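Residue numbers (this note's numbering), protein chains in the order written: chain A, 23 to 199; chain B, -19 to 735.
Using N, Cα and C, we set each Cβ at its ideal position, and we do this for glycine too.
The structure displayed is predicted, hence computed values, not measured ones.
Notes follow once the structure below has been shown.
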């Protein structure tokens, strides 16, 4: 089945912690609750889910209607994950742009939080983009061929590498060259 | 909603069995009709529940920030049931009959958790899998993907036959009478969608156990519980089941009654069908609080119930499915992947292996094979870990995986010589925590994390206890390592707190003008003997003091137990009054200024509020005397327990009833400053002011607790048995809890709606 880039939605963008940065996941709980209370996200946020007890898991999640934000610890690599759930208008490249911008804004907000200030730092040049829809974008060469240019458009001058095994979501590691 | 939803049907094609495909088409049409406003809320709610699509916290569009209640402005104004907004995320329950899973199914669950949920699959206390934060419009695609690997969510919720549970070590157990797996499987598919099981007033739960003594299937807390039994007939060993009926937990827990010491195997399905017919015909339909089979069995008495079932059995039209499967039963067996081998560990023994082997490995009845438990924290497993378990299950066993009622997974038929290598692979994925079946392996329902009925954070408390106990290596403690802790977020008992050594369920108390999360402490429940005895509540302790309470109770057991004395025997020996004294030092709540931490729950920094489970009603200023009066009522109910333990049934019954009466008086005094003394007048006045107005109604069970009080009043002075007196005490405790909740609602600040 051929992959139509413009049919692909549900983009995930994860921005990893900078070397040496620390993040007390427990602190994310009051922070995310306040983000809900003060409407700090463009999406409608609903709940906070704490999965710190699960090793190499989704960490602490801010659950929303259109998207989830989380301090995600999958593969024991901590980072801010933006998981777009609701479909976005536009082309594949513009959807990546929207998801990436949402993730960057969340990183800015988190770094500015009192509980994290001076300790939490994201490396905005160390990113992973994934598509959370195996039917429209399996982790295959075909998907890579179809989506690579759209990702390059958003991340010019970065090194792109498809990662993961066939059962995984389509995932691309993106690092500044 | 996923962009690919509409394409899954074509993609999966004939991988979805025709019958399931047709059912899912119907469900998809029902969703479309609901969106067009052509199906009533009430009807659609039961429709989706029967597909396992359940509501979740905040699905009424309101969320408390602790001090204010905000409106969640979902895009659609449609609803998917009364007070349940269309776009609000929900929970998807997935039935796993007898917990049996294969590697492909694990991989599918992993994909679904990642794509539609939060990358976590949650194993429940009834061997199901639950996914949270799922959008209703994603459910048909999700269900099709499950159906393509042989899983149905049909009748996972709603007034139906729920997941059929069974021992996870059935077939490999050293103590079993025989393997109950083929029987559990047969009854699952016989009852699924059966016309005689579509008109229940409430759910119906079935469990199978291979032996009487162990706890693996918890038969005695089920509506229909079957324990493997054999008899010698004409020199031949005949298989059958010791059948127990009418058990259940919830607000009014009841142990199952023995229906028959031996139901021959060929009769187990027709008897189940006959019971379903009797339950459908005579079970309560209007009042869901008294609609479980346990109430019907209590009302009729087991002898009359059995008579009705046998009469029904006589007139059942013959169904070949009753016995068709039996011809395959003698040949039913799982195959190992590897040849049997013995565990031989040399100098290269992996670190931590001994502890893991001691707690997580069960030597099978088949020599050279073992069953390995993967202990999951709070029943949670990530999508990545699910794929790892699938890989391991293909590499070491023939995909013989089961979920357990202790919220874990097991791998059966591991060749013992493979254990070190298997351990290393599990450990690499952080799946080798060596705490299975110990005090650290705390079980919990979802509680306030996601359940809209939850009062306190059962998962928050479970996580905290797990962490603290693990840090002390409590699983290795010879005295307390084997105790069970089980936690429910409310009285509905999904965490099965009644059958734990230490059980807890969430309640609230008004203190110093605030609502404070508490847990009722239950001691002395019996996990073994298929949930042989239920614990009784000793008293409520602030949520934040539960860890210290656990330390105090377990510490005392460790230091004062007599040789060979079980925890149940210890609790019985020192007596409930002494147990209560242990709690007393933890019940004080400092003022908010002194220590605000008491006023929020575990893992949730918001000021504790009941605003997420019910709509507050303002009734004026806080009046403190009622709190003292309700505490006195609690004490009376507790003393009733002591009287019952001492064999004073009449006195116990009188005290339990009076505790209820005084609770009703306390509320009347709170509202009107005075209350009548004459019990008839108290009941009349309470009925008028609190029942008819629904002020007393619980958001979930509505007027049930008040009806229990009215019934206790009607029956006051009548002679009771130990069993009915025990039940009255339980009802009194819950009535008093309802008085607390009613008072909390009446004194809650009016909701300040914010957009």
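Interface residues of chain B facing residue i [CB-CB closer than 7 angstroms]
| i | result |
| --- | --- |
| residue 59 of chain A | 45 |
| residue 189 of chain A | 87, 367 |
| residue 201 of chain A | Residue numbering for chain A in the displayed model covers 23 to 199; residue 201 of chain A lies beyond these limits and cannot be assessed. |
Start-to-end residues for the alpha helix (DSSP H) that takes in residue i
| i | result |
| --- | --- |
| residue 72 of chain A | No alpha helix (DSSP H) holds residue 72 of chain A; the beta strand (DSSP E) holding it covers 67 to 73. |
| residue 58 of chain A | 47 to 59 |
| residue 663 of chain B | 659 to 666 |
| residue 140 of chain B | No alpha helix (DSSP H) holds residue 140 of chain B; DSSP gives it neither H nor E. |
| residue 438 of chain B | 438 to 451 |
| residue 689 of chain B | 684 to 694 |
| residue 172 of chain A | 163 to 176 |
| residue 255 of chain B | 248 to 262 |
| residue 548 of chain B | 547 to 554 |
Contact with chain A by residue i, beta-carbon distance below 8 angstroms
| i | result |
| --- | --- |
| residue 362 of chain B | yes |
| residue 575 of chain B | no |
| residue 464 of chain B | no |
| residue 405 of chain B | no |
| residue 527 of chain B | no |
| residue 330 of chain B | no |
| residue 379 of chain B | no |
| residue 299 of chain B | no |
| residue 660 of chain B | no |
Partners in chain A for residue i, counting only beta-carbon separations shorter than 7 angstroms
| i | result |
| --- | --- |
| residue 357 of chain B | 75, 76 |
| residue 52 of chain B | 66, 68 |
| residue 113 of chain B | 85 |
| residue 720 of chain B | Those within 7 angstroms of residue 720 of chain B in chain A number zero; the least Cβ separation is about 26 angstroms. |
| residue 95 of chain B | 154, 155, 156 |
Which of helix, strand or coil DSSP assigns to residue i
| i | result |
| --- | --- |
| residue 217 of chain B | strand |
| residue 582 of chain B | coil |
| residue 642 of chain B | helix |
| residue 340 of chain B | helix |
| residue 5 of chain B | helix |
| residue -9 of chain B | helix |
| residue 234 of chain B | strand |
| residue 71 of chain B | strand |
| residue 603 of chain B | In this predicted model, residue 603 of chain B has a pLDDT of only 37, less than 50, meaning its place in the structure is not dependable; the value taken from the coordinates is given anyway. Residue 603 of chain B: coil per DSSP, three-state reduction. |
| residue 127 of chain A | helix |
| residue 353 of chain B | strand |
| residue 204 of chain B | strand |
| residue 332 of chain B | coil |
| residue 302 of chain B | helix |
| residue 760 of chain B | As shown, chain B starts at -19 and ends at 735. That puts residue 760 of chain B outside it, with no answer to give. |
| residue 346 of chain B | coil |
Interface residues of chain A facing residue i [CB-CB closer than 9 angstroms]
| i | result |
| --- | --- |
| residue 443 of chain B | 72, 74, 75 |
Any chain B beta carbon closer than 8 angstroms to residue i
| i | result |
| --- | --- |
| residue 19 of chain A | The structure shown has nothing for residue 19 of chain A, since chain A only spans 23 to 199. |
| residue 164 of chain A | no |
| residue 27 of chain A | no |
| residue 184 of chain A | no |
| residue 96 of chain A | yes |
| residue 196 of chain A | no |
Any chain C beta carbon closer than 8 angstroms to residue i
| i | result |
| --- | --- |
| residue 451 of chain B | No chain C appears in the structure shown, which is made up of the protein chains A and B. |
Residue i: contacting residues in chain A (beta-carbon distance under 8 angstroms)
| i | result |
| --- | --- |
| residue 98 of chain B | 71, 73, 80, 83, 85, 90 |
| residue 410 of chain B | 77, 78 |
Residue interval of the beta strand (DSSP E) (run including residue i)
| i | result |
| --- | --- |
| residue 94 of chain B | Per DSSP, residue 94 of chain B belongs to no beta strand (DSSP E); it is in the alpha helix (DSSP H), 83 to 96. |
| residue -19 of chain B | It is not in any beta strand (DSSP E) - residue -19 of chain B carries neither H nor E in the DSSP assignment. |
| residue 519 of chain B | 516 to 522 |
| residue 490 of chain B | 482 to 491 |
Near the ligand FAD: residue i beta-carbon under 7 angstroms from a heavy atom
| i | result |
| --- | --- |
| residue 478 of chain B | By its list of ligands, the structure shown contains no ligand whatsoever, and the ligand FAD lies outside what it can speak to. |
Inset, instruction - Give the residues from the stretch -19 to -7 of chain B that approach chain A closer than 8 angstroms (Cβ to any Cβ), ordered along the chain. - result: Going along the stretch -19 to -7 of chain B in chain order, one finds -19, -18, -17, -16, -13, -12, -9 with a Cβ nearer than 8 angstroms to chain A.
Inset, instruction - Could you run through the stretch 150 to 178 of chain A and flag, in chain order, every residue whose CB is less than 7 angstroms away from some CB of chain B? - result: Within the stretch 150 to 178 of chain A, the qualifying residues are 154, 155, 156, 157, 158.
Legend entry - Near-chain B residues of the stretch 107 to 128 of chain A - C-beta to any C-beta below 9 angstroms: The residues in question are 107, 108, 109.
Inset, instruction - Name, going along the chain, the residues of the stretch 581 to 593 of chain B whose beta-carbon falls closer than 8 angstroms to a beta-carbon of chain A. - result: In summary, the residues of the stretch 581 to 593 of chain B whose CB is separated from some CB of chain A by less than 8 angstroms are 583, 584, 585, 586, in the order they occur in the chain.
Inset, instruction - Could you name the residues of the stretch 411 to 425 of chain B whose beta carbon sits closer than 9 angstroms to any beta carbon of chain A, in the order they occur along the chain? - result: Residues 411, 413.
Legend entry - Under 8 angstroms (Cβ pairs) to chain A, residues found in the stretch 17 to 41 of chain B: Answer set for the stretch 17 to 41 of chain B: 37, 38.
Legend entry - Contact set between the stretch 52 to 73 of chain B and chain A, restricted to residues whose Cβ is under 9 angstroms from the partner: Taking a C-beta cut-off of 9 angstroms against chain A, the contacting residues of the stretch 52 to 73 of chain B are 52, 53, 54, 55, 67, 68, 69, listed in chain order.
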